[in-house]
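In the numbering used here, the protein residues as written are 15 to 440. For each residue, glycine too, the CB sits at the ideal point set by N, CA and C. Comments concern the structure below.
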């Protein structure tokens, strides 16, 4: 009841603060905006519905039709409507290669003119905005942008005899922590690898630590290869972890909901995940999360690697614009990326991208750490399954899952990715 009341108060605040800035509805014809997103959990879903309702109340000539889909279903259906030449006016996007393919297919609207100036300058993370740019145009904007890191259960660390304030700083220390937790009868790491993307975070982070920015850019720009040493070593380091059997039984068949639920119910000690993890753990567990027992630390360093230990894997959600979107869709997009709306969302689950909204996170120790890691990263790597073209991304996801399952060697993983990159990126 308290959560519902707090959400209601936040949404009333959004309506009050933004009413004066709402676009005028005078002298305009009625228009419908189609908007797709993947926030199926609460309170996120209710939040977005209320934001749309507030906007429609201020703009009675605008009707917003929302379609909410689970992540994988969203991606599949989006491809279908793109192929049919009928994209939504606004749709969830992570930028990078997937969006760029839609742009090349002529399915996205260039919003460069609208974005230029105050709107662009309002974003605190220009690098995130640039992921929605392609060949001189801009086709969307970021909504939330955070860092992937290690969430952990302080109580389980203490139960295993570990100091919850002395978290692993290097890869070797992480492996030692895994063994201590196993010896105490505690599942060290929650992972639902049935959906593939959660596990690819491990391999990509290892590649970042071992090869740094140069290795990835060389491979992507074809000055190097995804079969180069850092990518093979990433598989070898990951294989070392897999051989410790730190994951729950049957993890290859579990999904992300299972993974988040395990953390939220206190049935695993660690989870490598993005900034949305606390909300997902609370929503997808029976207990509603572990509260103050939840902590966060950066992905461990590899001293012998070429990457900077402060480099970050991450990304976030944004919204791209379909080719047939009316001007009113752009106005609505400006509204939902306003500082007032972002502040309200930061109270619930968002690491904001707009200047002045991140102050809301000052009293949340975990989100403050995530924000610091994001802002201070010398190199910020977008998730491979979003940055890379879909065919290469699928090769990453499939091969890394096979490594987790013991069906492929580190060398085979790297070569499978490189084989696809050779035909796709050359």
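Short Cβ contact (8 angstroms threshold) for residue 360 with residue 122 = For the purposes of this step, residue 360 is identified with residue 346 of the chain shown, where counting begins at 1. For the purposes of this step, residue 122 is identified with residue 108 of the chain shown, where counting begins at 1. No, they are not a contact pair.
When DSSP labels each residue in this structure, what does residue 156 get in the three-state scheme?
-> Mapped onto the chain shown, residue 156 falls at position 142. The answer is strand: DSSP assigns residue 156 an E or B state.
Any chance the region 230-242 sits against the region 306-316, with 3 or more Cβ pairs inside 8 angstroms?
-> no
Nearest neighbour of residue 109, chosen from 168, 372 and 147 [CA to CA] = For this step, residue 109 is matched to residue 95 along the chain shown. Answer by Cα proximity: 147.
List the whole-angstrom C-beta distance separating residue 282 from residue 298, where the pair is believed to meet the contact cut-off of C-beta under 8 angstroms.
-> For the purposes of this step, residue 282 is taken as the residue at position 268 of the chain shown. For the purposes of this step, residue 298 is taken as the residue at position 284 of the chain shown. At roughly 13 angstroms, the Cβ-Cβ gap does not stay under 8 angstroms, so residue 282 and residue 298 are not in contact.
With 16 other Cβ atoms within 10 Å as the buried cut-off, status of residue 58 | Numbered from 1 along the chain shown, position 44 holds the residue referred to as residue 58. By the neighbour-count rule (16 or more Cβ atoms within 10 Å), residue 58 is buried.
Please report the Cβ distance between residue 160 and residue 310, rounded to the nearest whole angstrom; I am assuming they are in contact, meaning their Cβ atoms lie under 8 angstroms.
-> For the purposes of this step, residue 160 is taken as residue 146 along the chain shown, with counting starting at 1. For the purposes of this step, residue 310 is taken as residue 296 along the chain shown, with counting starting at 1. Incorrect: roughly 11 angstroms between the Cβ atoms, too far for contact.
Along the chain, where does the alpha helix (DSSP H) that runs through residue 416 open and close?
-> For this step, residue 416 is matched to residue 402 along the chain shown. Its alpha helix (DSSP H) spans residues 404-418.
Using a threshold of 8 angstroms, state whether the C-beta atoms of residue 192 and residue 202 are closer than that.
-> Within the chain shown, the letter at position 178 stands for residue 192. Within the chain shown, the letter at position 188 stands for residue 202. Yes. Within cutoff.
Are the CB atoms of residue 384 and residue 371 nearer to each other than 8 angstroms?
-> Taking the chain shown and counting its residues from 1, the one referred to as residue 384 is at position 370. Taking the chain shown and counting its residues from 1, the one referred to as residue 371 is at position 357. No Cβ-Cβ contact shorter than 8 angstroms links residue 384 with residue 371.
Those residues which DSSP pairs with residue 166 across a bridge | Here the question's residue 166 lines up with position 152 in the chain shown. DSSP, once it has assigned bridges, lists 284 and 309 as partnering residue 166.
With C-beta atoms as the reference, is residue 409 less than 8 angstroms away from residue 386?
-> The residue you call residue 409 lines up with position 395 of the chain shown. The residue you call residue 386 lines up with position 372 of the chain shown. Contact: no.
Determine the closest residue to residue 390 out of 420, 404 and 328, with distance taken between C-alpha atoms.
-> Here residue 390 refers to the residue found at position 376 when the chain shown is read from its first residue. Comparing Cα positions, the closest option is 328.
How big is the Cα-Cα spacing for residue 101 and residue 158?
-> The count along the chain shown starts at 1 and reaches residue 101 at position 87. The count along the chain shown starts at 1 and reaches residue 158 at position 144. Cα to Cα, residue 101 sits roughly 22 angstroms from residue 158.
Would you be able to state if there are at least three C-beta pairs under 8 angstroms between the region 112-122 and the region 237-253?
-> no
Pull up the CB-CB distance for residue 228 and residue 404, whole angstroms please, since I reckon it's below 8 angstroms.
-> For this step, residue 228 is matched to residue 214 along the chain shown. For this step, residue 404 is matched to residue 390 along the chain shown. Their Cβ separation, rounded to whole angstroms, is 25 angstroms, which puts residue 228 and residue 404 out of contact at 8 angstroms.
Check whether residue 406 and residue 438 have beta carbons under 8 angstroms apart | On the chain shown, residue 406 is found 392 positions in, with the first residue counted as 1. On the chain shown, residue 438 is found 424 positions in, with the first residue counted as 1. Yes, the Cβ-Cβ distance between residue 406 and residue 438 is below 8 angstroms.
By DSSP, does residue 88 sit in helix, in strand, or in coil?
-> For this step, residue 88 is matched to residue 74 along the chain shown. Note: residue 88 maps to helix in three-state DSSP.
CB residue 188 to CB residue 258, shorter than 8 angstroms?
-> Position 174 of the chain shown, counting from 1, holds the residue named residue 188. Position 244 of the chain shown, counting from 1, holds the residue named residue 258. Residue 258 sits away from residue 188, with the two beta carbons spaced by 8 angstroms or more.
What span of residues does the beta strand (DSSP E) with residue 107 cover, start to end?
-> Indexing the chain shown from 1 puts residue 107 at position 93. Segment 104-107, the beta strand (DSSP E) holding residue 107.
Could you have a look at residue 434 and say whether DSSP puts it in helix, strand or coil?
-> Against the chain shown, residue 434 aligns to sequence position 420. Helix, per DSSP.
Would you mind giving the Cβ-Cβ distance between residue 113 and residue 61, rounded to the nearest angstrom? I have them listed as a contact below 8 angstroms.
-> Here residue 113 is taken as the residue at index 99 of the chain shown, counted from 1. Here residue 61 is taken as the residue at index 47 of the chain shown, counted from 1. Between residue 61 and residue 113 the Cβ distance is about 24 angstroms, and since that is not below 8 angstroms, they are no contact.
Which first and last residues belong to the beta strand (DSSP E) in which residue 328 is found?
-> In the chain shown, counting from the first residue as 1, residue 328 sits at position 314. First-last of the beta strand (DSSP E) with residue 328: 326-335.
Straight-line Cα distance separating residue 71 from residue 288 = For the purposes of this step, residue 288 is identified with residue 274 of the chain shown, where counting begins at 1. For the purposes of this step, residue 71 is identified with residue 57 of the chain shown, where counting begins at 1. Those two C-alpha atoms are separated by around 34 angstroms.
Could you tell me which residues DSSP pairs with residue 151 in its beta bridges?
-> Within the chain shown, residue 151 is the residue found at index 137, counting from 1. Paired residues: 148.
Considering only C-alpha positions, which residue in the set 377, 51 and 165 is nearest to residue 87?
-> On the chain shown, residue 87 is found 73 positions in, with the first residue counted as 1. Nearest C-alpha to residue 87: 51.
What's the C-alpha gap between residue 73 and residue 81?
-> Position 59 of the chain shown, counted from the first residue, corresponds to residue 73. Position 67 of the chain shown, counted from the first residue, corresponds to residue 81. Each residue's alpha carbon lies about 20 angstroms from the other.
CB contact flag (residue 156, residue 319, <8 angstroms) = Within the chain shown, numbered from 1, the residue matching residue 156 stands at position 142. Within the chain shown, numbered from 1, the residue matching residue 319 stands at position 305. Going by C-beta atoms, residue 156 is not nearer than 8 angstroms to residue 319.
Cutoff 6 angstroms; reference residue 425; Cβ partners in own chain excluding five residues on either side | Position 411 of the chain shown holds residue 425. Here the set comprises 246.
Quick one: residues in its chain with C-beta nearer than 7 angstroms to the C-beta of residue 41, no 5 flanking neighbours on either side, listed in chain order?
-> Numbered from its first residue, the chain shown carries residue 41 at position 27. Any reading at residue 41 needs caution, since the residue's pLDDT is 46, under 50, leaving its predicted position unreliable; the model's value is listed next. Here the set comprises nothing.
Which residue from 207, 278 and 220 puts its Cα closest to that of residue 261?
-> Against the chain shown, residue 261 aligns to sequence position 247. The residue with the shortest Cα to Cα distance from residue 261 is 207.
When we look at the beta-carbon of residue 431 and count the other beta-carbons within 10 Å, is it buried (16 or more) or exposed?
-> Numbered from its first residue, the chain shown carries residue 431 at position 417. Under this definition residue 431 is a buried residue.
Environment of residue 19 [buried if 16+ CB atoms lie within 10 Å] = For this step, residue 19 is matched to residue 5 along the chain shown. With a pLDDT of only 39 at residue 19, under the threshold of 50, the placement of this residue in the model should not be trusted; the figure read from the coordinates follows. With fewer than 16 Cβ atoms within 10 Å of its Cβ, residue 19 is classed as exposed.
When the Cα of residue 267 is compared with those of 212, 91, 317 and 223, which residue comes out closest?
-> As a working mapping, residue 267 is identified with position 253 in the chain shown. Nearest of 212, 91, 317 and 223 to residue 267, Cα basis: 212.
Do you know how far the Cα of residue 66 is from the Cα of residue 356?
-> On the chain shown, residue 356 is found 342 positions in, with the first residue counted as 1. On the chain shown, residue 66 is found 52 positions in, with the first residue counted as 1. Looking at the two C-alpha atoms, the distance is approximately 14 angstroms.
Would you mind working out which of 54, 45, 47 and 49 sits nearest residue 293, comparing C-alpha positions?
-> Here the question's residue 293 lines up with position 279 in the chain shown. Ranking the options by Cα distance to residue 293, first place goes to 54.
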